[in-house]
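Taking our numbering, the leading residue of the sequence shown gets 10, the next gets one more, and so forth.
For glycine and all other residues, C-beta sits at the position ideal for the given N, C-alpha and C.
All of these numbers come straight from a predicted model, not from anything done at the bench.
Everything below concerns the one structure shown next.
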Amino acid sequence: LPGVGRKTANCVRNFAFGLPAIAVDVHVHRIANRLGWVRTRRPDETERALEALVPRRRWVSLNELLVLHGQTICLPRRPHCASCPVEGDCEKRGVARG
């Protein structure tokens with residue numbers, strides 16, 4: 010559809026049609042990079058890298074978890090690392106130190 014980007018198209022695939030897709034928004038992109046799962050600059054690169062890394066059956070749940078995590082714990086500025094369940098495994102790429 011004209012005017013519909015990848016994120017929106019993938020959300021429609023997930024929620025309207027039940028088809029697995031990774032809808033990469035700012036949260037998914039930021040967290041995947043912070044964790045060191047990907048080293049990407051653009052959301053489309055993150056989408057492709059995560060598709061190669063994560064089993065297809067986990068795409069929808071991964072997407073939902075990363076969005077929620079990015080809204081509540083892994084914030085763009087001043088993330089709540091002390092309350093993060095994956096803090097011990099996080100590379101903290103892009104997080105200001107001290």
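Is A30 helix, strand or coil by DSSP?
coil
Using alpha carbons as the reference points, say which of F24, R66, V35, C90 lies closest to E54.
A check of alpha carbon separations from E54 across F24, R66, V35, C90 identifies V35 as the nearest.
Going by alpha carbons, who is nearest to R87 out of A105, H78, C99, L71?
A105
Nearest to N19 by CA position, among E73, C99, D98, R102, is which residue?
E73
Where L75 falls, given that 16 or more other Cβ within 10 Å makes a residue buried:
Result: buried.
Assigned secondary structure, T49 (DSSP; H/G/I helix, E/B strand, else coil)
coil
Flag this pair as yes or no: are the beta carbons of A58 and V47 separated by less than 8 Å?
yes
First through last residue of the alpha helix (DSSP H) which encompasses S70:
68-81
So which of G14, G27, G12, V21 has the shortest CA-CA distance to R5?
Within the shown structure, residues of the chain are numbered from 10 to 107, placing residue 5 beyond reach of any answer.
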